[in-house]
Each structure stands twice: as structure tokens, then as C-alpha cells.
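Residue numbers (my numbering): 67 to 240. Virtual Cβ for every residue (Gly too), placed ideally from N, Cα, C. Encoded as C-alpha cells, the structure appears first; notes follow it.
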């Protein structure tokens, strides 16, 4: 029977860490969806593409500084657990959209979602999760919801909101 040496144990531990580590993907209004998105020097263009890549690899999504508008950045559906955070001054806006819109409009059962550090503005609903009653955990922190008809609409979920503001919205949370 062979004994495991310290070197073999270290190799096994490193392999385990590599297997469970996640990839961070970056999105910028000046990016390109053909980029890898894995560094600030080669960011993706749209949040939709970033979510697609991040959820495929249990990764995280970081919104770089700038204004995110258009159909590829709102009305999003989440199918897997994800954390979406931002650098300073990242804004997702539904302004001038011709349809009622929300930043995220649908989520799958068992989803865990973290939103951290950016602004959602000018949407009919900032965060609307139609499958909300099936979601595990939603964490909203350091967020600004501004000029939305409704800030957050969740049917029922484990919701934690901290250090976030709702400004010029008809309703904050429903």
C-alpha cells in the first residue's frame, strides 16, 4: 500500500481548486461579443453574451464603467446561478425602449443571484423575476434603482437588500 506524500496531496488540492474556481467575464459598452471577455482588455459588448458565457462556466460577470442600453442588455433570462457586479459608474438603462422592460425578467428554479454595485434606470421594472417564487436566494447590494416604475418585483424568494437606494420610482419593492 502506497502512502500519499505531501507533494501528491498538494497536487490533488491544486487540482480541486482549479476544478471549482470560476471565471470572471467582463462587459463594456466599448467591447466586442467576439472577444473572450476574460480580461478588462478584451471585454464583451453585451450583458446577454456575458451572462451566456458566465453561466456556462459558473463564472462571474463584471460590468465595466459605462452605459448599457438596448435589447441585448435588458429583458434578460437567467438559467443558472450568477453574480453580476460592476466597476464604478456602470448603468443599465431601459430608456427609449419601445416595450415594457426589466433588467432581468425571468429566472430558473433554484437560481441564486447576486447584484452588486451598479445602477438600473428608466425601466418599467428594475428587477422582475417572473419565476421568483422558485428562486433560492437573491442578494441586492450597493445598487441604485432610479426612475423605474417599480424597483424590484419578486413573487416570493429569499431576498436580501443592503446598502441600496430606490430613487424616483413609483414603488420600491413589490
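- With a threshold of 16 other beta carbon atoms within 10 Å, residue 212 meets it and is buried.
- Looking at the backbone, the Cα of residue 185 and that of residue 158 are separated by about 6 Å.
- Between residue 232 and the set 138, 108, 217 and 203, the nearest pair of CA atoms involves 217.
- Counted as a single uninterrupted DSSP element, the alpha helix (DSSP H) harbouring residue 121 occupies residues 113 to 122.
- Shown here for residue 108: same chain residues with a beta carbon closer than 7 Å to its own, the five before and five after excluded, namely 101 and 102 in chain order.
- In this structure, residue 112 lies near residue 139, with their beta-carbon atoms less than 7 Å apart.
- Following the DSSP letters along the chain, one finds residue 94 in no beta strand (DSSP E), marked with neither H nor E.
- Taking a C-beta distance under 7 Å as the contact criterion, residue 191 and residue 224 do not qualify as a contact pair.
- Within the DSSP bridge table, the entry for residue 126 names 90 and 149 as partners.
- Remark: C-beta atoms of residue 116 and residue 134 do not approach each other more closely than 7 Å.
- Residue burial annotation: residue 237 is exposed, with fewer than 16 other C-beta atoms found within 10 angstroms of its C-beta.
- Within a 10 Å sphere around the beta-carbon of residue 120 sit 16 or more other beta-carbons, which makes this residue buried.
- Take residue 229, set aside five residues on each side of it, and the residues of its chain with a beta-carbon closer than 7 Å to its own are 207 and 208, in chain order.
- Check the Cα spacing between residue 96 and each of 88, 110 and 234: the tightest is with 110.
- Rounded to the nearest whole angstrom, the CA to CA distance from residue 226 to residue 173 is 17 Å.
- If you look at residue 132, you'll find it in the beta strand (DSSP E) that goes 132 to 134.
- Of the residues assessed, residue 88 falls on the exposed side of the cut-off, its CB having fewer than 16 other CB atoms within 10 angstroms.
- Boundaries of the beta strand (DSSP E) around residue 168: 168 to 173.
- When DSSP states are grouped into helix, strand and coil, residue 138 belongs to the coil group.
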